[in-house]
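Since the structure comes first, as structure tokens, the remarks are kept for the end.
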Amino acid sequence: MTTRLESWAPKALVALGVALLFVGSFWGLAKAPGEVFMGDVQRIMYVHVPTAWNAMLTLTFAFVCALFSLFTNAWKWDNRLEAAMEMGVILSLLLCMQGAIWAKPTWGVWWDWDPRLTTTAVLVFAFGGILALRAFVDDPVKRAVWSAAACIVAFVDVPIVYFSVRWWNSLHQMQSTPETVSKAFHWPLRINAFGILFLWTGLVALRARVAALRLRSEIAPPVPEAPEGKSAPTGARFSGGDR
Amino acid sequence: MGIVEGGWEFVVAAYSLTAVVFGAYATSIFLRYRSERNRAAIEARRETRG
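Those protein sequences? They're chains P and R, same order as listed.
Under my numbering, the first residue of the first sequence carries the number 4, and numbering increases by one thereafter.
Under my numbering, the first residue of the second sequence carries the number 25, and numbering increases by one thereafter.
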């Protein structure tokens, strides 16, 4: 049973995230100055960089959920893992597409097999593959253990993505942080970063509930309709505890 | 050194894509949540009727 706060908190987070994204994007598009060399095209940074930060954060959260899922055997961590991985794949895929749109006017190509881009594409396929694996495994216990183990292995790519621009020669610029970008660009970047953060935390909380409800009906199959004049069979119901 | 001029169409494309992806994914989650909640409510009603 969810309390009223538990019911409204994810929706409030999503609403707050959307509001912040509107403010940050308006600031980035209309008020912040254009960059000296890239001009207006640089404004893509205000959605691309926060998407990148949050994609890394979401997949790090998925990694934490995988560890807790393996060590505590609690279903709630498996539900959160599924939700976080799905969000991580969406954000990583969006990151690749935004990057391609930014690459065309600045690098002259939509895509290059550069270390940063390649390792990010590997993220999409690795975590997308784990989600596909989950869809094919019918046994919920095996599904939880295998996907948590696979997530831990796939997570190795996250620090590689982050450090790829330092370790190898890359077309991609160094990481964008408040120290590496002009002060005039800070506010829209920060506002959009928090906007996406609130948006994904709200959506992951809701998606974890979807996973919990599905798991409940999967583990405890629906009670059959009672025949006329007789009561339906009763028994222990799944309460969402441990495996 | 090259300077990029114009390019607003790329900016509009990036922001529109972001809005569409977030909007579509959020809508899909809200719909899935509503459908699963309805199913759980129907199952709970069946149980209590027994």
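For every residue, glycine included, the Cβ atom is placed at its ideal position computed from N, Cα and C.
For residue i, which residues of its own chain have a beta-carbon under 6 Å away from its beta-carbon, when the five flanking residues on both sides are left out?
i	result
P:Val144	Arg246
P:Ser167	Pro118, Arg119 and Thr122
P:Phe197	Leu23
P:Val140	Arg146
Measuring only the C-alpha atoms, how far is residue i from residue j?
i	j	result
R:Tyr44	P:Ala151	Looking at the sequence provided, one finds Val at residue 44 of chain R rather than Tyr. Distance between the alpha carbons of R:Val44 and P:Ala151 is about 30 Å.
P:Gly111	P:Asn195	27 Å
P:Val21	R:Gly47	10 Å
P:Ala35	P:Gly42	11 Å
P:Leu136	P:Trp149	9 Å
P:Arg169	P:Thr109	20 Å
P:Val125	P:Val164	9 Å
P:Ala157	P:Ser95	13 Å
P:Ala103	R:Glu67	47 Å
R:Ala38	P:Gln101	5 Å
P:Met59	P:Thr6	31 Å
Residues bridged to residue i by DSSP?
i	result
P:Gly42	P:Glu38
P:Ala77	P:Asp245
Give a yes or no on whether the C-beta atoms belonging to residue i and residue j are separated by under 8 Å.
i	j	result
P:Leu218	P:Trp78	yes
P:Tyr273	P:Ser72	In the structure as shown, chain P starts at 4 and stops at 246, and residue 273 of chain P therefore has no counterpart that could be examined.
P:Trp3	P:Asn57	Outside the shown range of chain P (4 to 246) lies residue 3 of chain P, about which nothing can therefore be said.
P:Leu16	P:Met90	no
P:Ala211	P:Ala86	yes
P:Tyr62	P:Arg46	Reading off the sequence, residue 62 of chain P comes out as Leu, not Tyr. Going by C-beta atoms, P:Leu62 is not nearer than 8 Å to P:Arg46.
P:Phe66	P:Ile155	yes
P:Thr75	P:Cys99	no
R:Val36	P:Val44	no
R:Glu71	P:Leu216	no
From the options, pick the residue whose C-alpha is nearest to that of residue i; which is it?
i	options	result
P:Leu192	P:Arg7, P:Phe25 and P:Thr6	P:Phe25
P:Phe201	P:Leu19, P:Thr6, P:Glu9 and P:Arg7	P:Leu19
P:Ser220	R:Thr51, R:Arg73 and R:Ala65	R:Ala65
P:Val213	R:Trp32, R:Ile27 and R:Asn62	R:Asn62
P:Met177	P:Arg7, P:Val52, P:Val39 and P:Glu38	P:Val52
P:Phe128	P:Asn172, P:Lys14, P:Arg146 and P:Asp160	P:Asp160
P:Val184	P:Glu38, P:Trp30 and P:Glu9	P:Glu38
P:Ala223	P:Gln101, P:Asp142 and P:Lys107	P:Asp142
Report all residues from its chain with a CB closer than 7 Å to the CB of residue i; omit the five preceding and five following residues, and keep chain order.
i	result
P:Met88	Ala65, Phe130, Ile133, Leu134 and Cys154
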